[in-house]
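Be aware that the sequence shown starts at 9, since it is given in the numbering used here, and climbs by one per residue. Where a beta carbon is used, it is the ideal one built from N, C-alpha and C, also for glycine. One structure is given here, and the rest of the page talks about it.
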Amino acid sequence: MKQKIAIVLALLLALLQTGCSQRPIAAQSFALDTLLSVTLYEGGSMEIAQEALTIADESERVFSARREGAELYAVNEARGGELSASLCRAIEKGLFIAEQSGGAFDIGLGAISSLWNFSGESPSLPDEGALADAVPLSGYEQISLGSNTLAFANDAVQIDLGAIAKGFIGDQMKAYLIENGVSSALLNLGGNIVLIGQKDGGDFAVGIENPNNTSKVAGALFASDICISTSSGAQRYFELDGKRYHHIIDRETGYPADSGLASVTILHKEAAVADALSTACFVLGEERALAFLNEHYPGIHAVFIRSDGSVFATDGTPFKQE
Ligand code: AMP
Ligand code: MG
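This is how it looks when you write it as structure tokens:
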């Protein structure tokens with residue numbers, strides 16, 4: 009329902025914009041299970057914006073673990089094999105951050121995440137036995153990547169790139185747009201924002217949704233030339249017997265991470281890194297996430313929204329609370 013409303017709004021916006029001045033140039037599409045938008049403030053054209061969206065469309069055929077016919081789906085089915093250059097790079101980046109985060113972000117949890125269904129009409133919990141079987145066989149440690157080949161250490165482990173693919177694709181779209189003369193733009197890939205350059209010579213203002221009341225914003229980030237990723241327990245979930253089950257999984261338990269956080273937002277030059285880190289920090293919880301970021305990404309800007317609604321931003325983060 010939410011997605012349908014978003015599509016209608018996007019179409020209305022597009023109609024309004026074609027009738028008005030030429031800038032910004034805005035194009036939308038639906039891919040990667042989410043509404044994608046490209047808004048160009050300087051440089052490029054409508055064709056360039058649409059071509060950038062085509063990159064996302066094509067990437068879905070590479071990175072989806074759920075879509076039959078996608079390359080990753082086939083690799084999981086075939087239990088490894090040769091990889092395209094782009095899938096290889098995404099898996100390599102994913103394995104690196106999985107190891108760095110000690111499995112808080114883990115592309116090797118596909119056998120667990122595929123037991124969960126957050127988008128069905130009548131949601132139900134996964135079979136407990138199947139989950140208990142999948143947990144010990146899952147994890148990045150069970151995956152080995154060669155120069156362009158992949159091997160799995162057991163018959164159960166599967167790759168899920170859901171927590172990094174949108175960021176990875178955002179980076180590819182950004183590179184394409186810059187190559188084609190775009191100097192100011194905002195890309196939105198459901199929870200992942202890519203900012204190219206500045207807006208009108210200043211910062212972009214990017215609202216961060218209040219995860220405890222999604223019709224409101226918690227505040228805004230003022231930034232330029234950076235990527236912003238939010239992982240939120242309010243993004244995809246179902247409720248059963250008064251309990252909320254969201255889509256960010258703790259691979260140690262096989263269940264949605266319950267770390268006291270409602271959302272985490274990370275700013276990083278690379279959208280793929282921001283995407284993976286927001287997921288990692290959500291699973292780690294505030295204290296462990298801050299220790300992790302301090303060790304591996306000192307000085308990084310991040311906004312943590314706790315389950316009780318209180319907000320914490322790391323030093324220097326350009327965030328203004330509502
Ligand atoms: P994100 O919204 O970027 O935090 O990514 C969530 C998506 O990534 C889920 O829909 C799953 O497909 C997958 N996922 C869930 N939990 C994890 C995790 N701990 N590490 C890596 N991927 C995950
Ligand atoms: Mg992510």
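Neighbour-count burial assignment, residue i, 16 or more Cβ in a 10 Å radius
i	result
R259	buried
D233	exposed
N162	exposed
E187	exposed
E217	buried
F71	buried
D114	buried
L248	exposed
G147	buried
Q166	buried
As assigned by DSSP and simplified to three states, the class of residue i
i	result
H254	strand
I216	strand
P144	helix
R87	coil
L229	strand
V272	strand
E187	helix
N1	With the chain represented from 9 up to 330, any question about residue 1 goes unanswered, as that position is not in the structure.
G118	helix
G210	strand
L40	coil
A310	strand
S315	coil
T325	coil
Beta-carbon separation (whole angstroms), residue i vs residue j, contact threshold 8 Å
i	j	result
V319	G227	7 Å
I274	I308	7 Å
I105	A231	The Cβ separation is near 22 Å, so there is no contact.
Within the chosen definition, does the segment 211-225 reach the segment 86-105 through at least 3 CB pairs nearer than 8 Å?
no
Which residues count as close to the ligand MG when the rule is a CB under 7 Å from any of its heavy atoms, in chain order?
A171, I172, G175, S237, S239, D283, A284, S286, T287
Do the segment 82-98 and the segment 151-158 meet, that is, are 3 or more Cβ pairs less than 8 Å apart?
yes
Is it the case that the segment 236-249 contacts the segment 80-95, given that we only count it when at least three CB pairs across the two stretches are under 8 Å?
no
Are the segment 260-277 and the segment 292-304 touching, with three or more C-beta to C-beta distances below 8 Å?
yes
Would the segment 272-283 count as touching the segment 176-188 if we require 3 or more Cβ pairs under 8 Å?
yes
Does the count of Cβ pairs from the segment 205-215 and the segment 301-314 closer than 8 Å reach three?
no
Does the segment 184-199 come close enough to the segment 125-142 that 3 or more CB-CB pairs lie under 8 Å?
no
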